[in-house]
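**Student:** Number 72 in numbering that gives the first Met the number 0 belongs to position 73 of the sequence shown; there are no gaps in the numbering.
Have a look at this one.
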Amino acid sequence: MDRAIAEQLVAFVPDGREAAIYNRAVLGRGVRYLAERGIRQFIDLGSGLPTARNTHQVAQEILPEARVVYVDNDPIVLAHGRALLAENQYTTVITADVREPEEILSHPDLRSLIGFDQPVGLLMLGIIHHLNDEEDPGGLVTRYRNAVAAGSYLFLTHFVDHGAQTDDLQKALLADLGTGRFRTLEEITAYFDGLELVEPGVVYNPLWRPDGPLPETLRITEKMIGGGIGRKS
């Protein structure tokens, strides 16, 4: 999650940074799920600065030759990522705008690692909520989905609309950053139309295949981001 957005979360929601922690945790569980099902290629869109337990680390623990391409529009991410991944021949970072899928999917560095005749894990964690409705986020997701082979997976998470509980935060994000669109779980589920949703479907992040027990009642920070995984047949 973008640092500026995390700071806004803290300003409006007690323990707001926990939402970013839960998003990072579900990344690990989701990538593990995909790698355990034989997905050897990953495109991580809007990946942000490298942190602990990145996509390539999780995937390559299971499949040492798993290939990962990170995509971000921040040149700082490019510099840090390339330094971190300098000795990893199966991973690279490219700078590009996720709103330009054709440019990204034809990038020579991506093409050197990703074969589009084989299934791909397409990761969009915490990125589509940066797009307003006028930018047609559903159409953008579809363009990426159409480019990958049958057997590929879409893994997507997104800010969840909780009405009055999140209205002020959304207004602040739009005013200060010009981005940050909250959508309902039903709206998020629509991004998976035509895909086979992996159980338990589109849910709040802590509920997606948790590694341990959960409290009976989730707090607002635990419900701030939701998503799921869908398979292309």
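Just so you know, even glycine gets a beta-carbon here, dropped at the ideal spot from N, CA and C.
All of these numbers come straight from a predicted model, not from anything done at the bench.
Using a Cβ-Cβ cut-off of 8 Å (strictly less than) and excluding sequence neighbours within five positions of Phe-191, which residues of its own chain qualify?
**Tutor:** Position 192 of the sequence shown, counted from the first residue, corresponds to residue 191. Cβ neighbours of Phe-191 beyond the five flanking positions: Leu-153, Leu-155, Val-201, Gly-227, Gly-229.
**Student:** If I measure Cβ to Cβ from Leu-213 and keep anything under 8 Å in the same chain, skipping five residues before and after, which residues do I get?
**Tutor:** If you number the sequence shown from 1, residue 213 lands on position 214. Closer than 8 Å at Cβ, skipping near neighbours: Pro-205, Leu-206.
**Student:** Starting from Leu-44 and walking both ways along the alpha helix (DSSP H), at which residues does that stretch end?
**Tutor:** Translated into positions along the sequence shown, residue 44 becomes position 45. No alpha helix (DSSP H) contains Leu-44, which is instead part of the beta strand (DSSP E) from 40-44.
**Student:** With distances taken Cα to Cα, identify the nearest neighbour of Leu-28 among Glu-17, Gln-40, Asn-53, Ser-105.
**Tutor:** The count along the sequence shown starts at 1 and reaches residue 28 at position 29. It should be noted that the sequence gives Arg, not Leu, for residue 28. The option with the nearest alpha carbon to Arg-28 is Asn-53.
**Student:** Using the rule of at least 16 other Cβ atoms within 10 Å of the residue's Cβ for burial, across every protein chain shown, is Arg-144 buried or exposed?
**Tutor:** What you label residue 144 is simply residue 145 of the sequence shown in a count that begins at 1. Buried is the call here.
**Student:** Residues in its own chain within less than 8 Å of Asp-132 by CB, not counting five upstream and five downstream?
**Tutor:** In the sequence shown, residue 132 corresponds to position 133, counting from 1. So the list reads Arg-180, once near-sequence residues are dropped.
**Student:** Please specify which runs of the beta strand (DSSP E), each continuous and at least 3 residues long, are wholly inside the segment 66-101, giving them in chain order.
**Tutor:** Entirely contained in the segment 66-101, the beta strand (DSSP E) runs reaching 3 residues are, in chain order, 66-71, 90-94.
**Student:** With distances taken between CB atoms, is the gap from Tyr-69 to Asp-43 smaller than 7 Å?
**Tutor:** For this step, residue 69 is matched to residue 70 along the sequence shown. For this step, residue 43 is matched to residue 44 along the sequence shown. Contact: yes.
**Student:** Which residue's Cα is closest to the Cα of Glu-102: Asn-72, Ala-85, Leu-77?
**Tutor:** On the sequence shown, residue 102 is found 103 positions in, with the first residue counted as 1. For the residues Asn-72, Ala-85, Leu-77, the minimum Cα distance to Glu-102 belongs to Asn-72.
**Student:** So, helix, strand or coil for Arg-182, using DSSP?
**Tutor:** The count along the sequence shown starts at 1 and reaches residue 182 at position 183. In this structure, DSSP gives Arg-182 an extended state, which the three-state scheme calls strand.
**Student:** In the DSSP output, which residue or residues are listed as bridge partners for Thr-156?
**Tutor:** Walking along the sequence shown from the start, residue 156 turns up at place 157. Partner(s): Leu-124, Gly-226.
**Student:** What do you get for Thr-216, buried or exposed, if any count of 16 or more other CB atoms within 10 angstroms of its CB means buried?
**Tutor:** Residue numbering aside, residue 216 sits at position 217 when the sequence shown is read from its first letter. The residue is exposed, with fewer than 16 neighbouring Cβ atoms inside 10 Å.
**Student:** Which value, in whole angstroms, describes the spacing of the CA atoms of Gly-98 and His-129?
**Tutor:** Residue mapping note: residue 98 aligns to position 99 of the sequence shown, counting from 1. Residue mapping note: residue 129 aligns to position 130 of the sequence shown, counting from 1. A quick correction: the sequence has Arg, not Gly, at residue 98. Distance between the alpha carbons of Arg-98 and His-129: 10 Å.
**Student:** Mark Thr-243 as exposed unless 16 or more other C-beta atoms lie within 10 angstroms of its C-beta, in which case mark it buried.
**Tutor:** This structure cannot settle anything about residue 243, because the visible part of the chain is limited to 0 through 232.
**Student:** Kindly identify the DSSP beta-bridge partner or partners of Glu-195.
**Tutor:** As a first step, residue 195 is located in the sequence shown; it is residue number 196 there, counting from the start. Under DSSP, Glu-195 forms a beta bridge with Arg-230.
**Student:** Would you check if the distance between the CB atom of Leu-77 and the CB atom of Val-92 is smaller than 7 Å?
**Tutor:** Translated into the one-based positions of the sequence shown, residue 77 becomes position 78. Translated into the one-based positions of the sequence shown, residue 92 becomes position 93. The Cβ atoms of Leu-77 and Val-92 sit closer than 7 Å to each other.
**Student:** Do you know how far the Cα of Phe-158 is from the Cα of Ile-126?
**Tutor:** Here residue 126 refers to the residue found at position 127 when the sequence shown is read from its first residue. Here residue 158 refers to the residue found at position 159 when the sequence shown is read from its first residue. Answer to the nearest angstrom: the Cα atoms are 9 Å apart.
**Student:** Report all residues from its chain with a CB closer than 8 Å to the CB of Ile-113; omit the five preceding and five following residues, and keep chain order.
**Tutor:** Here residue 113 refers to the residue found at position 114 when the sequence shown is read from its first residue. If we look at Ile-113 and ignore the five residues flanking it on each side, its Cβ neighbours are Gln-40, Ile-42, Arg-66, Val-68, Val-119.
**Student:** CB-CB under 8 Å to Tyr-32, same chain, minus the five flanking residues each way: which ones, in chain order?
**Tutor:** Working through the sequence shown from its first residue, we reach residue 32 at position 33. Answer for Tyr-32: Val-197, Arg-208, Ile-228, listed in chain order.
**Student:** Quick check on the DSSP output: the alpha helix (DSSP H) that includes Gln-56 runs from which residue to which?
**Tutor:** Position 57 of the sequence shown, counted from the first residue, corresponds to residue 56. Start and end: 54-61.
**Student:** With burial defined as no fewer than 16 other Cβ atoms inside 10 Å of the residue's Cβ, what is the status of Lys-222: buried or exposed?
**Tutor:** The residue labelled residue 222 in the question sits at position 223 within the sequence shown. So Lys-222 ends up on the buried side.
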